[in-house]
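Novice:
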Amino acid sequence: MKIDFTTLKNSIQIISVDSKNLKVLSQLVKISRIVACSYLNNIRPSLHYLYQQQGITTTDLSYDCIAEIFSRDENDSFYRIEKFCKSLNDSLEKVSEIDIFLAWKSFLIKVVDAQLARLYSQSDPTGTKILRNIRDVVRESDYFIMEKTMSGNMLVPKNVNPLYHLPSIPIEKFESEYFTTTFDRKSSFNEQIAIVYNILTGQSEYRRTILLLDISKIFKHRFFSDSIPNNSNNESSYNVRSLTNLEIEEFESRVLSTLKEKIFLQYFAKGKFNKAQAEGVYFAVRDIVNDWCLNGECEET
């Protein structure tokens, strides 16, 4: 579906003053879902495991994020959308359609990233602690500044040409150099950051920047390797035995996606259900669909 910037702007204008307009609400939800899914699939594919290991699809996560944006207050208004409109540099009518799209996209991305951060914190408390420690050290260090990019927070060396015109350093190459560096395992995070800085600035073949998330994974692997879960059994246990099973999985995915959209538009958005009630209905029906699919699979085998 191609995004119509005019439709997006008009939808936001109408919904900000008339939260009961279900036709416009449906349009805005669909546009928002496309933007959120595109961001997750094209910019954050490395984080798919965070929600897929919990049985959540990209569409599911997109609707979870959209549900936050379309939460109603005691006056039955979409207070987050009203807040978004007030955050613009000018009145909604005077802002260009492309700028509205970019602002709305940025708004959605912040919500999606916050949701990913919560999932990461739940699934990997050790990694979350390392991320927090690295951020704290970088803020006080003389080595890096933190730069926000579409791919995530980036460590950029201070007082050195980052060589943005070059390709990013392959993570395998960086790991190879990092893991061959000898040092005391009890060394501080500041000393580790210094090693990262020296590796990046000591070469001129690649860009001298690296994602914060990549560094946190590398640090965790070196210092907390015992805490890294072994997913090899899970990977090997998954086996698609026949085309019938593939068809069942595709059917299940489509049913659950449609179900979530219907519950959101027909009940949550209309104020008939709050978020907890909408989730309860979805999870109950999802279990029924899962049981049906499993029984169908068993009958085939």
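Numbering-wise (this note's numbering), the sequence shown opens with residue 550 and increments by one. Glycine included, C-beta positions come from ideal geometry on N, C-alpha and C.
According to DSSP, simplified to helix, strand and coil, what is Thr758?
Specialist: Note: Thr758 maps to coil in three-state DSSP.
Novice: To the nearest angstrom, how far is the alpha carbon of Gln576 from that of Ser560?
Specialist: So the alpha carbons of these two residues sit roughly 7 Å apart.
Novice: Can you confirm whether the segment 706-720 touches the segment 748-757 when touching is taken to mean that 3 or more C-beta pairs between the two stretches lie within less than 8 Å?
Specialist: Yes: the two stretches touch, three or more of their Cβ pairs being nearer than 8 Å.
Novice: Quick check on the DSSP output: the alpha helix (DSSP H) that includes Phe728 runs from which residue to which?
Specialist: Residues 720-728.
Novice: Since Thr698 is in the beta strand (DSSP E), which residue starts that stretch and which ends it?
Specialist: Per DSSP, Thr698 belongs to the beta strand (DSSP E) from 693-698.
Novice: Which residues share a DSSP beta bridge with Val834?
Specialist: In DSSP, Val834 forms no bridge with anything.
Novice: Considering only their Cβ atoms, is the gap separating Val578 from Ile615 smaller than 9 Å?
Specialist: Contact: yes.
Novice: With H, G and I counted as helix, E and B as strand and the rest as coil, what does DSSP make of Arg593?
Specialist: Reduced to three states, the DSSP call for Arg593 is coil.
Novice: I'd like to check one pair, Ser568 with Phe627: are the Cβ atoms closer than 9 Å?
Specialist: In contact: Phe627 and Ser568 (Cβ atoms closer than 9 Å).
Novice: Can you give me the C-alpha to C-alpha distance between Ile694 and Glu740, rounded to a whole angstrom?
Specialist: About 16 Å.
Novice: Grouping DSSP H, G and I as helix and E and B as strand, with all else coil, what is Val705?
Specialist: Strand.
Novice: With DSSP collapsed to three states, give me the class of Phe817.
Specialist: Of the three classes helix, strand and coil, the one that applies to Phe817 here is helix, per DSSP.
Novice: Can you list, in chain order, the residues of its chain whose CB lies under 8 Å from that of Val830, leaving out five sequence neighbours each side?
Specialist: Closer than 8 Å at the Cβ level, and outside the excluded window around Val830, lie Ile812, Tyr816, Phe822.
Novice: Tell me, please, which residues DSSP counts as bridged to Phe627.
Specialist: Partner(s): Arg621.
Novice: Straight-line CA distance for Leu762 to Ser611?
Specialist: Each residue's Cα considered, the two are about 22 Å apart.
Novice: Give me the Cα-Cα distance between Lys766 and Asp662, rounded to the nearest whole angstrom.
Specialist: Computed Cα separation, rounded: 18 Å.
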